[in-house]
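These notes concern the structure reproduced below.
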Amino acid sequence: MCDIYGARCVKKNCSAVIDMHLADYETGREEIKVFCGSHIPPKKERKDGVLWKIRKRKSSTRIFVVYLTQNARNHWEGNRYNGEDFALEVFGKKRKRREE
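Per the numbering used here, the sequence shown starts with residue -6, numbered consecutively.
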């Protein structure tokens, strides 16, 4: 089982809602913060999260998820967008593209 919900972008006055998946109820909703593609922090501020490329229908965008607790960091692979995605950058380090 998992917790699937619509997370609001944390940027004030942003109305974006991102479908999130928290695996096995291991992480609480308050343990992460989500930034929509329009409000992703600069690279030097992305050490505590994962930059995800997400695909919706035929287009793609990016979101950034900050993991506020060690528990959330330990379960980052299950705490992600609820759909097709790929982690581009994990805790400040680029990730190699997977074979498609």
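Ideal Cβ positions, reconstructed from N, Cα and C, are used throughout, including at glycine.
These numbers were taken from a predicted model, which means no experiment stands behind them.
| Asked | Found |
| --- | --- |
| Those runs of the alpha helix (DSSP H) which lie wholly inside the stretch 26 to 76 and span at least 4 residues | 63 to 67 |
| Cβ contact check for the stretch 68 to 80 and the stretch 47 to 55: 3 or more pairs under 8 Å | yes |
| Y74 beta carbon less than 8 Å from that of I11 | yes |
| Own chain residues within Cβ distance below 6 Å of G71, not counting five before or after | A16 |
| For R22, three-class secondary structure by DSSP | helix |
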